[in-house]
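I have placed the structure first, in the form of structure tokens, so that the comments after it can refer back to it.
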Amino acid sequence: MTRKYTNRRYLDALEKKVLVFDGAMGTSLQNQNLTAEHFGGEQYNGCNDYLVISYPEAVEKVHRSFLEVGVDVLETDTFRSNRITMAEYGLQDRVLEVNETAARLARRLADEYSVQDTSYTLYPVSPHPRFVAGSIGPSGKLPSANDPDLSNVTFDELVDTFREQAVGLIRGGVDVLLIETSQDILEVKAAIIGLHKAMDETQVHLPIQAQVTLDTTGRMLLGTDINASLAILEGMGIDVIGLNCSTGPEHMREPIRILGENSTLPVSCIPNAG
1 MTRKYTNRRY LDALEKKVLV FDGAMGTSLQ NQNLTAEHFG GEQYNGCNDY LVISYPEAVE
61 KVHRSFLEVG VDVLETDTFR SNRITMAEYG LQDRVLEVNE TAARLARRLA DEYSVQDTSY
121 TLYPVSPHPR FVAGSIGPSG KLPSANDPDL SNVTFDELVD TFREQAVGLI RGGVDVLLIE
181 TSQDILEVKA AIIGLHKAMD ETQVHLPIQA QVTLDTTGRM LLGTDINASL AILEGMGIDV
241 IGLNCSTGPE HMREPIRILG ENSTLPVSCI PNAG
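Residues in the sequence shown are numbered consecutively from 1, following this note's numbering.
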């Protein structure tokens with residue numbers, strides 16, 4: 001699928017070097033010992049994504065800590081900022097606001113740290129561009145599951161859920177839309193379609209990076225292996241394919257090898273600590 005981009009800086013940079021992403025947002029926020037007051041009250045306590053509204057200083061602190069050590073890419077604090085998961089806190093009608101606010105915060109800081117270093121006078125120093133990835137995590141539903149409590153959502157509802165989140169991220173100025181920690185291949189397909197709808201709606205066309213999560217057997221939660229994931233996703237108009245989280249880097253070696261040898265797209269690998 002041939003695509004035209006409004007902004008392809010991220011892809012241009014990938015052609016030149018390996019890009020390093022930031023670390024964990026959730027645990028970094030936990031380390032700040034935030035109280036219910038920081039989250040905006042008891043009803044929002046624990047909703048990390050809402051901190052971009054209620055206490056953005058906490059999120060900014062995390063972003064800056066990663067920028068200070070030289071990361072290339074910041075992820076927005078929006079992993080659970082979709083209509084389905086935000087409804088757990090009664091925030092389903094603030095999805096656009098939360099996503100756009102989170103993206104603008106990360107964008108401001110990424111641009112601040114992208115300024116060329118003028119402290120060196122003997123020779124010119126190339127600027128270090130920093131990028132913003134709009135984090136789009138799973139909906140909490142598993143449309144392929146046999147469990148009616150997990151599968152009680154239609155494909156079209158999922159498409160629109162991810163479309164809405166992506167519109168907010170695009171408005172906030174992200175460089176790439178990142179589908180991550182995906183455990184149901186049907187949900188990934190819905191997310192990709194939703195992202196394309198959001199780009200058509202906003203007339204801003206960005207790269208899409210799609211990442212699945214595998215267990216120690218090398219399969220997604222509902223049984224899809226990495227070969228099937230690649231075959232299904234590669235032709236859906238994405239630009240980077242990869243893995244994230246899983247059970248640590250050791251168990252990602254073989255599926256990453258398979259992607260590296262067989263994918264026509266750039267490959268990403270963002271493990272957790274195990």
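Note that CB positions come from ideal geometry on N, CA and C, so glycine has one too.
Within its chain, find whatever has a CB closer than 6 Å to the CB of residue i; leave out the 5 residues flanking it on each side and keep chain order.
i, result
"residue 121", "Only weak support is given to the placement of residue 121: the predicted model assigns it a pLDDT of 49, under 50, and the question is left unresolved by the model."
"residue 44", "50 and 89"
"residue 99", "78, 81, 165, 168 and 169"
"residue 224", "185"
"residue 197", "163"
"residue 272", "245"
"residue 148", "none"
"residue 76", "102, 103, 106, 134 and 135"
Return the chain-ordered list of same chain residues with a C-beta closer than 7 Å to the C-beta of residue i, the five sequence neighbours on each side being excluded.
i, result
"residue 255", "214, 218, 226 and 243"
"residue 110", "74, 130, 131 and 132"
"residue 104", "172 and 173"
"residue 64", "109"
"residue 150", "141 and 142"
"residue 95", "81, 82, 83, 86, 164, 165 and 168"
Residues in its own chain within less than 8 Å of residue i by CB, not counting five upstream and five downstream?
i, result
"residue 55", "34, 38, 39 and 40"
"residue 107", "132, 172, 173 and 174"
"residue 46", "39"
"residue 252", "214, 243, 246, 269 and 271"
"residue 42", "36"
"residue 202", "167, 170 and 171"
Rounded to the nearest angstrom, how far is the Cβ of residue i from that of residue j, given a contact under 8 Å?
i, j, result
"residue 101", "residue 52", "5 Å"
"residue 210", "residue 233", "6 Å"
"residue 32", "residue 58", "5 Å"
"residue 67", "residue 48", "Contact doesn't hold; Cβ gap of about 19 Å is too wide."
"residue 199", "residue 212", "Not a contact, Cβ separation roughly 21 Å."
"residue 265", "residue 238", "7 Å"
So, are the CB atoms of residue i and residue j less than 7 Å apart?
i, j, result
"residue 21", "residue 208", "no"
"residue 191", "residue 155", "no"
"residue 144", "residue 184", "yes"
"residue 240", "residue 6", "no"
"residue 19", "residue 72", "yes"
"residue 9", "residue 175", "yes"
"residue 159", "residue 194", "yes"
"residue 69", "residue 25", "no"
Closer than 6 Å: is that where the CB of residue i sits relative to any heavy atom of the ligand PLP?
i, result
"residue 89", "Among the components of this structure there are no ligands whatsoever, and the ligand PLP is therefore not found."
Could you name each continuous alpha helix (DSSP H) segment of 4 residues or more that falls completely within the segment 132-163, going from the start of the chain to the end?
148-151
Contact between the segment 166-181 and the segment 131-150 is defined here as three or more beta-carbon pairs at a separation below 8 Å; is this criterion met?
yes
Of all the beta strand (DSSP E) runs that stay within the bounds of the segment 200-258, which reach a length of 3 or more residues?
208-212 and 240-245
Unbroken stretches of the alpha helix (DSSP H), 4 residues or longer, contained in the segment 67-130
83-86 and 95-114
What beta strand (DSSP E) runs, 3 residues minimum, are completely inside the segment 10-44?
none
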